[in-house]
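I have placed the structure first, in the form of structure tokens, so that the comments after it can refer back to it.
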Amino acid sequence: MNLTIIGTGYVGLVTGTCFAEAGHKVICVDKDAEKVKLLQAGGMPIYEPDLDELVEKNVKAGRLHFSNSTQEGVERSDVIFIAVPTPAQPDGSVDLSFIETVSREIAGAMTEYKIVVDKSTVPVKTGQKVAETIKRYCKTKVDFDVVSNPEFLREGFAVGDFMKPDRVVIGTASPRPVPAMKEVYAPYNAPIIVTDINSAELIKHAANSFLA
């Protein structure tokens, strides 16, 4: 499938690279032009065991590309993953401004049905807010679905965790995106748990609590 990952931080870069390794065609988008140039030149902005070799392999194979254009990513992909930072604020709340900005950019670039997947760690009901933002700013008024697909990656083991997941959680308000999401994760042969969006977001926080 054709996939776009918006955000090339820890989660985004691992996700995009591992999807490419599974055979998908992936565009990783980041607004940081210097980071995109670094990645295009074969450099690595983070350290994670085995990640640099996989990036190099999949770039050479033509399955992994880097861009700073959200427009390009949306136009060339069926499924768009949001993997931008959600930093904590001084009062303990979560800064969702990056997700808000990306949602507006996706909405402005959409001309046909897309699946928008939230991969970032977010508070419950963020998926509803993403859907509302896209609906508000999408001038073409095309159909879309928002999916919550939380990550369960450990630093230092992220590539292995992604390539051999013990479960994949797909939260959605509609059955329409489920077959496509199952196709995305089919190469990993993992149990797929389909829930509503709020439950998927809560599952991520519950998993973090157990790890703690």
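Numbered continuously in this note's numbering, the sequence shown closes out at residue 258. Glycine residues also receive a C-beta, built at the ideal position from the N, C-alpha and C atoms.
Straight-line Cα distance separating residue j from residue i
i, j, result
"residue 245", "residue 170", "8 angstroms"
"residue 180", "residue 239", "25 angstroms"
"residue 248", "residue 126", "21 angstroms"
"residue 72", "residue 121", "12 angstroms"
"residue 106", "residue 222", "34 angstroms"
"residue 138", "residue 146", "19 angstroms"
"residue 111", "residue 53", "13 angstroms"
"residue 183", "residue 174", "14 angstroms"
"residue 242", "residue 119", "26 angstroms"
"residue 251", "residue 257", "10 angstroms"
"residue 176", "residue 77", "19 angstroms"
"residue 164", "residue 150", "14 angstroms"
"residue 255", "residue 56", "20 angstroms"
"residue 206", "residue 65", "13 angstroms"
"residue 220", "residue 159", "14 angstroms"
"residue 237", "residue 102", "29 angstroms"
Residue i - containing alpha helix (DSSP H), residue span
i, result
"residue 161", "Taken as a continuous stretch (DSSP letters only), residue 161 belongs to no alpha helix (DSSP H), being part of the beta strand (DSSP E) at 160-164."
"residue 152", "143-155"
"residue 180", "172-183"
"residue 256", "243-257"
"residue 206", "204-209"
"residue 105", "97-106"
"residue 57", "56-67"
"residue 83", "79-86"
"residue 75", "Not the alpha helix (DSSP H): residue 75 falls in the beta strand (DSSP E), residues 71-75."
Integer Cβ distance of residue i from residue j, believed to fall under 8 angstroms
i, j, result
"residue 153", "residue 58", "In fact, because the Cβ distance is near 20 angstroms, the residues do not count as touching under 8 angstroms."
"residue 192", "residue 162", "5 angstroms"
"residue 82", "residue 51", "With 8 angstroms as the limit, residue 82 and residue 51 do not qualify as a contact, their Cβ atoms being about 12 angstroms apart."
"residue 47", "residue 229", "6 angstroms"
Within 8 angstroms, strictly: CB atoms of residue i and residue j
i, j, result
"residue 264", "residue 215", "Because the chain here runs from 47 to 258, residue 264 falls outside it and cannot be looked at."
"residue 116", "residue 79", "no"
"residue 142", "residue 172", "yes"
"residue 84", "residue 91", "yes"
"residue 253", "residue 190", "no"
"residue 218", "residue 188", "no"
"residue 114", "residue 63", "no"
"residue 87", "residue 234", "no"
"residue 70", "residue 49", "yes"
"residue 226", "residue 124", "yes"
"residue 94", "residue 140", "no"
Bounding residues of the beta strand (DSSP E) (the contiguous stretch that carries residue i)
i, result
"residue 190", "190-194"
"residue 168", "Looking at the DSSP string, residue 168 is not in any beta strand (DSSP E), and its letter there is neither H nor E."
"residue 215", "214-218"
"residue 187", "Segment: none, residue 187 is in no beta strand (DSSP E) and carries neither H nor E."
"residue 50", "48-52"
Check whether the stretch 130-137 and the stretch 198-218 are in contact - that is, three or more C-beta pairs closer than 8 angstroms.
no
Indicate whether the contact test is met: 3 or more Cβ pairs, each with one atom in the stretch 205-212 and one in the stretch 168-188, closer than 8 angstroms.
no
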